[in-house]
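In the numbering used here, the protein residues as written are 589 to 750.
Where is the CB? At the ideal position from N, CA and C, for every residue including glycine.
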Amino acid sequence: MANQIPVMNYILHIVNDTCYWVNISIEHLVILNELLKEKEVDVDHMVIDELNSIYISMEQSIKKLDDIEQKARYGEDHVEFIMNLCLSTLNVLQQISGIQVQLIQVLGKLEKLKIKSLYLLMLSHITLEERYSLELLSSNINTITGLGFYPALTGSKTSVSI
Numbered sequence: 589m590a591n592q593i594p595v596m597n598y599i600l601h602i603v604n605d606t607c608y609w610v611n612i613s614i615e616h617l618v619i620l621n622e623l624l625k626e627k628e629v630d631v632d633h634m635v636i637d638e639l640n641s642i643y644i645s646m647e648q649s650i651k652k653l654d655d656i657e658q659k660a661r662y663g664e665d666h667v668e669f670i671m672n673l674c675l676s677t678l679n680v681l682q683q684i685s686g687i688q689v690q691l692i693q694v695l696g697k698l699e700k701l702k703i704k705s706l707y708l709l710m711l712s713h714i715t716l717e718e719r720y721s722l723e724l725l726s727s728n729i730n731t732i733t734g735l736g737f738y739p740a741l742t743g744s745k746t747s748v749s750i
């Protein structure tokens, strides 16, 4: 059996990196919520509901990432465990990717409103960071699938010796 520690360390790296960016997304949502409370912008309640839903989903994602981190740190050192850990990580990353796409779409809706330049500057900054975060996430997803792991959603699993 090959040494599984490099794979576990890679998973830990991806999880920590993703946690960092998800926490930034959560901060962005808090900032947006505070800005929208100022009543300087007339925003449809559906958009606010979408932002709240995204916030809840991001919070849940952090918990899932924490669980994966604990498993990677204290889990077993055999191939089947590592494969399941990689697949779990991939599924969570794909869920977060979908949430980030939703957030970027909502940011697009907010950018179309007639708003003050400072608010628009904040939206532009947040949108750029969210797009960068999504690019990193996509890169990690592609790396994991490139190793032969595929999401459980497709129903195809590949056995890979690591």
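Terminal residues of the alpha helix (DSSP H) in which residue i lies
i	result
His601	Ile593 to Lys625
Leu695	Val667 to Glu699
Val631	Counting along the chain, Val631 falls outside any alpha helix (DSSP H), and DSSP gives it neither H nor E.
Distance, residue j Cα to residue i Cα
i	j	result
Glu717	Met646	15 Å
Leu708	Leu724	24 Å
Tyr608	Ile614	10 Å
Leu617	Ser676	26 Å
Leu832	Val595	Residue coverage of the chain in this structure runs from 589 to 750, which leaves residue 832 outside it and unanswerable.
Cys674	Ile732	7 Å
Phe669	Val610	25 Å
Gln648	Met671	23 Å
Lys651	Val680	10 Å
Thr715	Asn728	20 Å
Thr606	Arg719	13 Å
Leu678	Ile599	10 Å
Leu620	Ile602	27 Å
Nearest-angstrom Cβ-Cβ length linking residue i and residue j, presumed shorter than 8 Å
i	j	result
Leu698	Leu711	6 Å
Gln688	Leu653	Not really, about 14 Å apart at Cβ, beyond 8 Å.
Query raised in the report: Counting pairs of Cβ atoms below 8 Å between the stretch 681-695 and the stretch 625-645, do you hit three or more?
Result: Verdict: yes, contact present.
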